[in-house]
Amino acid sequence: MISREEGFALVTKHLSKKNLIKHVLAVEAIMRVLAERFGEDVESWGLAGLIHDLDYEETESSPDRHGHVTIDLVSSQDIPADVRHAILAHADQVERISLMDKAIYCSDPVTGLIVASVLMHPSKSLAGMDADFVGKRFKEKRFAAGANRDAIAGCSELGLELHEFLEISLDAMRKISKDLGL
């Protein structure tokens, strides 16, 4: 399997938008914490989170290709089959079967909800944010409308209640708050 450094090199090669790079770092952080919690391989789960959107800038206007182009981009890389499957699963291109598939599916959109919540919170920081505040924003359908609530609620497929998943996600993102600028 490629190293985290090699994965990040792929990110900087294929993604140019700062916010998108911050997004994949946030998903990576959440995936690593979830892997630890479930006794799974932290490195492979982290890699899935890190490289899941390599093709986003290229496929933004053609979501039917999202995920597939990433798989093509990494075809010559040593990426485990379960990581490849999770990348496709996060984009709804294949059925979510494994715990990793289900984790990346709900971790991807929760980062947007959390960032939007931070930006409207008086503290403007992850340190000042709590799961209750994000949970209230979750219920406001017009707030961060692009954050797929059904996908986030998919945390139940991991055996997690929404509030617990929000806490886990916030804690993971706090660990890299400097990288996220939050």
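All letters in the sequence shown, in the order written, are residues 254 to 435 by the working numbering.
Glycine included, each C-beta is placed from N, C-alpha and C at the ideal position.
Output the distance between the C-alpha atoms of residue i and residue j, rounded to the nearest integer angstrom.
i: D335; j: K392; result: 33 Å
i: L415; j: S315; result: 30 Å
i: V277; j: K377; result: 20 Å
i: R290; j: I255; result: 23 Å
Using C-beta distances below 6 Å, list every residue in its chain close to residue i, excluding the 5 sequence neighbours before and after it, in chain order.
i: R349; result: A342, K355, Y358
i: P333; result: M254, S297
Which residue comes first and which comes last in the alpha helix (DSSP H) that contains residue i?
i: N401; result: First-last for N401: undefined, no H or E at that position.
i: G292; result: No alpha helix (DSSP H) contains G292, which DSSP labels as neither H nor E.
i: S370; result: 352-373
i: K394; result: No alpha helix (DSSP H) contains K394, which DSSP labels as neither H nor E.
Would you grab the beta carbon distance between residue i and residue j for me? Rounded to a whole angstrom, and I think it's under 8 Å.
i: A440; j: P362; result: The structure shown does not extend to residue 440, since the chain is modelled only from 254 to 435, so the question has no answer here.
i: I304; j: V347; result: Actually they are not in contact, since the Cβ atoms of I304 and V347 sit about 16 Å apart, beyond 8 Å.
i: A397; j: A369; result: 4 Å
i: D383; j: V286; result: Their Cβ separation, rounded to whole angstroms, is 17 Å, which puts D383 and V286 out of contact at 8 Å.
i: E296; j: L268; result: So it is not a contact: roughly 21 Å between Cβ atoms.
i: G292; j: R257; result: Incorrect: roughly 20 Å between the Cβ atoms, too far for contact.
Going by the beta-carbon positions, is the gap between residue i and residue j smaller than 7 Å?
i: A288; j: M426; result: no
i: D308; j: V322; result: yes
i: A339; j: M353; result: yes
Can you list, in chain order, the residues of its chain whose CB lies under 7 Å from that of residue i, leaving out five sequence neighbours each side?
i: E428; result: What sits at residue 428 in the sequence shown is Lys, not Glu. Excluding residues within five positions, the ones whose Cβ falls inside 7 Å are A282.
i: V371; result: K377, S378, L379, M382, L435
By Cβ distance below 8 Å, which residues in the same chain neighbour residue i in space, the five residues on each side in sequence not counted?
i: F418; result: C359, V363, I405, C408, L411
i: D294; result: A288
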